[in-house]
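S.K.:
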Ligand code: SAH
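Next up, the structure:
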């Protein structure tokens, strides 16, 4: 397979026509080998315009959603980013090309282990993955310049809002378990404001400041 051509086609047909204009984001998505992050046997579908199963009932997000959320973070290269929901590790790998350091939390141990292995194979060394409940954040390394939540929350987890630094931006899907609105939160002089950036569908964020259980 000519994976590079598939990646370029993904960027040219799915991302650019839908308004992804951040060159660094487009470049990162031309680079990261998405087919290595999907479940074995699904490689040829990796560059399609959809989410895909990664095992444990979880999914790797649609390429456009990864691009949209990444672009919304307005990255400049020097950021410390917290991701909730490592999943396959693909979003973390894209971020790793665009920021200084990524901290990512996954609650399913086997997914975290696989994501770590794939990132290591790719020699990506600025992503730290921890197993745990990401709804309460990762206190040790706060504040974060950016936070990205890649699972659907019933409301913005207060701990994450707290751990977002001054002038920080957070992207978080908020809504029901079946449908969410992508919310972009900005912290400015301690005040928090939010705007909506369109509908989306993520697996549920399950944890102390998320859904109590999947239904
Ligand atoms: N960003 C991922 C896609 C994430 S799918 C990628 O690029 O592949 C959502 C992930 O969030 C799932 O792996 C799920 O196990 C995880 N998750 C759900 N609730 C969580 C929580 N409270 N803390 C950490 N991870 C959580």
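In my numbering, the protein residues as written are 110 to 324.
A virtual CB, placed ideally from N, CA and C, is assigned to each residue, including glycine.
Being a predicted model, the structure only gives us computed values, none of them experimental.
So residue 202 packs on residue 245, CB below 8 Å; how close in whole Å?
M.R.: Rounded, the Cβ-Cβ distance is 24 Å, inconsistent with contact.
S.K.: Taking 7 Å as the cut-off, is the beta-carbon of residue 215 closer than that to any non-hydrogen atom of the ligand SAH?
M.R.: Yes, the Cβ of residue 215 comes within 7 Å of a heavy atom of the ligand SAH.
S.K.: DSSP puts residue 322 in a beta bridge; with which residues?
M.R.: DSSP output for residue 322 lists no bridge partner at all.
S.K.: Going along the chain, which residues of its own chain have a beta-carbon closer than 6 Å to the beta-carbon of residue 193, five neighbours each way excluded?
M.R.: Answer for residue 193: 214, 243 and 258, listed in chain order.
S.K.: Considering only C-alpha positions, which residue in the set 288, 171 and 267 is nearest to residue 279?
M.R.: Among 288, 171 and 267, the Cα nearest to that of residue 279 is on 267.
S.K.: Whole beta strand (DSSP E) runs in the segment 241–301 with 3 or more residues, listed along the chain?
M.R.: Entirely contained in the segment 241–301, the beta strand (DSSP E) runs reaching 3 residues are, in chain order, 253–258, 273–284 and 289–297.
S.K.: In or out: residue 191 buried (at least 16 other Cβ within 10 Å) or exposed?
M.R.: By the 10 Å Cβ count, residue 191 comes out buried.
S.K.: What residue does the alpha helix (DSSP H) around residue 219 start on, and which one ends it?
M.R.: Element bounds for residue 219: 218–230.
S.K.: Is any heavy atom of the ligand SAH found at a distance shorter than 7 Å from the C-beta of residue 230?
M.R.: Not so, every heavy atom of the ligand SAH lies at least 7 Å from the Cβ.
S.K.: Is any heavy atom of the ligand SAH found at a distance shorter than 7 Å from the C-beta of residue 260?
M.R.: Because some heavy atom of the ligand SAH lies under 7 Å away, the Cβ of residue 260 counts as near it: yes.
S.K.: Measure the C-alpha to C-alpha separation of residue 205 and residue 212 and round it to an integer number of angstroms.
M.R.: Near 10 Å, if we compare the C-alpha coordinates of residue 212 and residue 205.
S.K.: Do residue 306 and residue 281 have their C-beta atoms closer together than 8 Å?
M.R.: In this structure, residue 281 does not lie closer than 8 Å to residue 306 by Cβ.
S.K.: Determine the DSSP secondary structure at residue 173, reduced to helix, strand or coil.
M.R.: Helix, per DSSP.
S.K.: Looking at the strands, I want to know which residues DSSP matches up with residue 237.
M.R.: BP columns for residue 237 point to 212.
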